[in-house]
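J.: Once you've had a glance at the structure underneath, I'll fire off some questions.
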Amino acid sequence: MSLWGWVLLAAAAAYGIKLFGYLLPQRLLDHPVFIRLAMALTVGLLASLTVMNAVGKGQAIVLDSRLLALGAAAVALWLKAPYIVVVIVGALAAALGRLAGLP
Amino acid sequence: MATLSPATRMGLSITAAVGVYGISFGALSVASGLSVLQTCALSLLMFTGGSQFAFIGVVGGGGTGAAAWAAATLLGVRNGVYGMQLKTLIRPQGSVVPLMAHLTIDESTATATAQPDHDERVRGFWTAGVGIYVFWNASTLIGALAGDAIGDPGRWGLDGAAVAAFLGLLWPRLKGRDPIALAVVATMTTLIALPLVPPGIPVLLAAGTTALWWAWRQRTERAS
Chain Y
-6 MSLWGWVLLA
4 AAAAYGIKLF
14 GYLLPQRLLD
24 HPVFIRLAMA
34 LTVGLLASLT
44 VMNAVGKGQA
54 IVLDSRLLAL
64 GAAAVALWLK
74 APYIVVVIVG
84 ALAAALGRLA
94 GLP
Chain R
50 MATLSPATRM
60 GLSITAAVGV
70 YGISFGALSV
80 ASGLSVLQTC
90 ALSLLMFTGG
100 SQFAFIGVVG
110 GGGTGAAAWA
120 AATLLGVRNG
130 VYGMQLKTLI
140 RPQGSVVPLM
150 AHLTIDESTA
160 TATAQPDHDE
170 RVRGFWTAGV
180 GIYVFWNAST
190 LIGALAGDAI
200 GDPGRWGLDG
210 AAVAAFLGLL
220 WPRLKGRDPI
230 ALAVVATMTT
240 LIALPLVPPG
250 IPVLLAAGTT
260 ALWWAWRQRT
270 ERAS
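Protein chains in written order, with the numbering used here: chain Y, -6 to 96; chain R, 50 to 273.
Below you can see the structure in the form of structure tokens.
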């Protein structure tokens, strides 16, 4: 099959998986236990995504200027800065780190 | 900005933080041997960054189309879990589900689930989902056409912005011992799994250990 074929098949599979979650019966998802579990999973998911974006690079752990971003964002959050400020502070910290010659 | 709801502002912020990352995807994809049209097709039709990077990574490394398909598909499994979660929390009407499913990615799910009530979740989901879709596709095209001329987005701190964006979504939920314990469990799982399994799988494993920890806590609470 041509590369085009695989591009379209992969897109179809990605969409099918996304749709699958929505097609489970609401009766099952309505169970109070499931709702509480969904809230717990949210915390786990966000923590995992934060760590992955902070130190993950493909299949390796790489420590670089993104850690400065993590630290700076944590300080901003601790000081109760608005969300957009937290994001900008993170970008600035990483950019300054790179400007200073850090990886 | 002052008249926008917190969820909308959050959605716009995360759009700005990650939307432009499509530039690096576009540039890398063309460098991996895909055409500009194929590159844009991936962003338009697949629309899940991790899977897209996996697909072009395999192709660029000389892998087969089938291997690229498998890597991308495996990475996309977490979106199915997001769908279950969003259906539970948002209760979408049947008619919007096909569109909602397409916009179901890390960032839109994270923005939606981080909100305190139903209406804000809906606003958060759509702002982040539509916003990132537009920016991601526009920046993919720019990256594919401009190639290496733009340089590394890391120089502009964009990867740091993404880290801050996710931490900002997590932070308000860390109230009390249980959420903090859950976050620690997920963090440890991710760090241990990262070097051992293909990209995208650590998040799924973290979801698994989080669920196990949660189930164990439910039991011990009921027992005491």
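The beta-carbon is built from N, C-alpha and C at its ideal position, and this holds for glycine as well.
Does DSSP put Gly37(Y) in a helix, a strand or coil?
T.: Your numbering for residue 37(Y) matches position 44 in the first sequence. Note: Gly37(Y) maps to helix in three-state DSSP.
J.: Within a Cβ cutoff of 7 Å, which residues of the same chain sit near Gln134(R), ignoring the five residues on either side of it in sequence?
T.: Here residue 134(R) is taken as the residue at index 85 of the second sequence, counted from 1. Closer than 7 Å at the Cβ level, and outside the excluded window around Gln134(R), lie Thr158 and Thr162.
J.: Could you list which residues in chain R have their beta carbon closer than 7 Å to that of Val0(Y), in chain order?
T.: The residue given as residue 0(Y) occupies position 7 in the first sequence. Within 7 Å Cβ-Cβ: Gln87, Ala90 and Leu91.
J.: Look at the alpha carbon of Phe36(R) and the alpha carbon of Leu17(Y), and state the distance between them as a whole number of angstroms.
T.: Because chain R is modelled from 50 through 273, residue 36(R) falls outside the range shown and cannot be assessed.
J.: Using a Cβ-Cβ distance cut-off of 9 Å, determine whether Ser62(R) contacts chain Y.
T.: Indexing the second sequence from 1 puts residue 62(R) at position 13. Taking Cβ atoms only, chain Y reaches closer than 9 Å to Ser62(R), which makes this a yes.
J.: Run through chain Y and tell me which residues come within less than 8 Å of Asn128(R), C-beta to C-beta.
T.: Walking along the second sequence from the start, residue 128(R) turns up at place 79. Those within 8 Å of Asn128(R) in chain Y are Ala7, Ile10, Lys11 and Gly14.
J.: Quick check: the Cα distance between Leu42(Y) and Pro251(R), rounded to an integer number of angstroms?
T.: If you number the first sequence from 1, residue 42(Y) lands on position 49. If you number the second sequence from 1, residue 251(R) lands on position 202. For Leu42(Y) and Pro251(R), the distance between alpha carbons rounds to 9 Å.
J.: Whose CA, out of Tyr131(R), Asn186(R), Leu243(R) and Gly111(R), lies closest to the CA of Gly68(R)?
T.: On the second sequence, position 19 is the one that residue 68(R) refers to. Ranked by Cα distance from Gly68(R), the options Tyr131(R), Asn186(R), Leu243(R) and Gly111(R) are led by Asn186(R).
J.: Locate the alpha helix (DSSP H) running through Pro187(R), then write down its first and last residues.
T.: By 1-based counting over the second sequence, the position of residue 187(R) is 138. At residue 187(R) the sequence reads Ala, which differs from the Pro that was named. Ala187(R) -> alpha helix (DSSP H) spans His167 to Ala195.
J.: If you run the structure through DSSP and keep just helix, strand and coil, what is Ile28(Y)?
T.: Numbered from its first residue, the first sequence carries residue 28(Y) at position 35. Ile28(Y): helix per DSSP, three-state reduction.
J.: Have a look at Gly209(R) and Tyr131(R) and give me their C-alpha separation to the nearest angstrom.
T.: Numbered from its first residue, the second sequence carries residue 209(R) at position 160. Numbered from its first residue, the second sequence carries residue 131(R) at position 82. Whole-angstrom Cα-Cα distance: 24 Å.
J.: Mind listing the chain Y neighbours of Leu207(R)? Cutoff is C-beta to C-beta under 9 Å, in chain order.
T.: Reading the second sequence from its first residue, position 158 is the one you call residue 207(R). What Leu207(R) touches in chain Y: Ala84, Ala87 and Ala88.
J.: Going by DSSP in three states, Gly49(Y) sits in which element: helix, strand or coil?
T.: By 1-based counting over the first sequence, the position of residue 49(Y) is 56. Of the three classes helix, strand and coil, the one that applies to Gly49(Y) here is strand, per DSSP.
J.: So Ser100(R) contacts chain Y; which residues on that side make the cut at Cβ distance below 8 Å?
T.: Residue 100(R) sits at position 51 when you count from the first residue of the second sequence. Residues of chain Y passing the Cβ test: Ala3 and Ala7.
J.: So, does the CB of Pro141(R) fall closer than 9 Å to a CB anywhere in chain Y?
T.: Looking up residue 141(R) in the second sequence gives position 92. Taking Cβ atoms only, chain Y reaches closer than 9 Å to Pro141(R), which makes this a yes.
J.: Any residues in the region 31 to 59 of chain Y with a beta carbon nearer than 7 Å to a beta carbon of chain R? Which ones, in chain order?
T.: Ala31, Ala33, Leu34, Thr35, Val36, Gly37, Leu38, Leu39, Ala40, Ser41, Leu42, Thr43, Val44, Met45, Asn46, Ala47, Gly49, Gly51, Gln52, Ala53, Ile54, Ser58 and Arg59
J.: What's the gap between the Cα of Trp262(R) and the Cα of Gly82(R)?
T.: Looking up residue 262(R) in the second sequence gives position 213. Looking up residue 82(R) in the second sequence gives position 33. So the two alpha carbons sit approximately 44 Å from each other.
J.: Looking only at DSSP bridge pairs, what is Ile54(Y) linked to?
T.: As a first step, residue 54(Y) must be located in the first sequence, where it is residue number 61. Beta-bridge pairing links Ile54(Y) to Gly49(Y).
J.: Step through the CB atoms of chain Y and report whether any lies within less than 9 Å of the CB of His151(R).
T.: By 1-based counting over the second sequence, the position of residue 151(R) is 102. Yes, because at least one Cβ of chain Y sits closer than 9 Å to the Cβ of His151(R).
J.: Taking the continuous alpha helix (DSSP H) assigned at Thr34(R), which residues delimit it?
T.: A question about residue 34(R) goes unanswered here, because the residues of chain R that appear run from 50 up to 273.
J.: Just the C-alpha distance for Ala232(R) and Thr239(R), rounded to the nearest angstrom, thanks.
T.: Taking the second sequence and counting its residues from 1, one reaches residue 232(R) at position 183. Taking the second sequence and counting its residues from 1, one reaches residue 239(R) at position 190. Going from the Cα of Ala232(R) to the Cα of Thr239(R) covers about 10 Å.
J.: Nearest to Ile72(R) by CA position, among Ser54(R), Ser188(R), Gly111(R) and Gly129(R), is which residue?
T.: Within the second sequence, numbered from 1, the residue matching residue 72(R) stands at position 23. If we check each option's Cα against that of Ile72(R), Ser188(R) comes out closest.
J.: Would you tell me roughly how many angstroms separate the C-alpha atoms of His24(Y) and Leu95(Y), rounded to the nearest one?
T.: Here residue 24(Y) is taken as the residue at index 31 of the first sequence, counted from 1. Here residue 95(Y) is taken as the residue at index 102 of the first sequence, counted from 1. Each residue's alpha carbon lies about 49 Å from the other.
J.: Less than 9 Å between the beta carbons of Arg127(R) and Leu253(R), yes or no?
T.: Within the second sequence, residue 127(R) is the residue found at index 78, counting from 1. Within the second sequence, residue 253(R) is the residue found at index 204, counting from 1. Closer than 9 Å, so yes.
J.: Just checking, does the region 141 to 156 of chain R make contact with the region 89 to 108 of chain R on the three C-beta pairs under 8 Å criterion?
T.: yes
J.: Closer than 8 Å is the cut-off here; do at least three beta carbon pairs connect the region 114 to 124 of chain R with the region -5 to 5 of chain Y?
T.: yes
J.: Quick check: is the beta carbon of Thr189(R) nearer than 9 Å to any beta carbon in chain Y?
T.: Here residue 189(R) refers to the residue found at position 140 when the second sequence is read from its first residue. So, not an interface residue.
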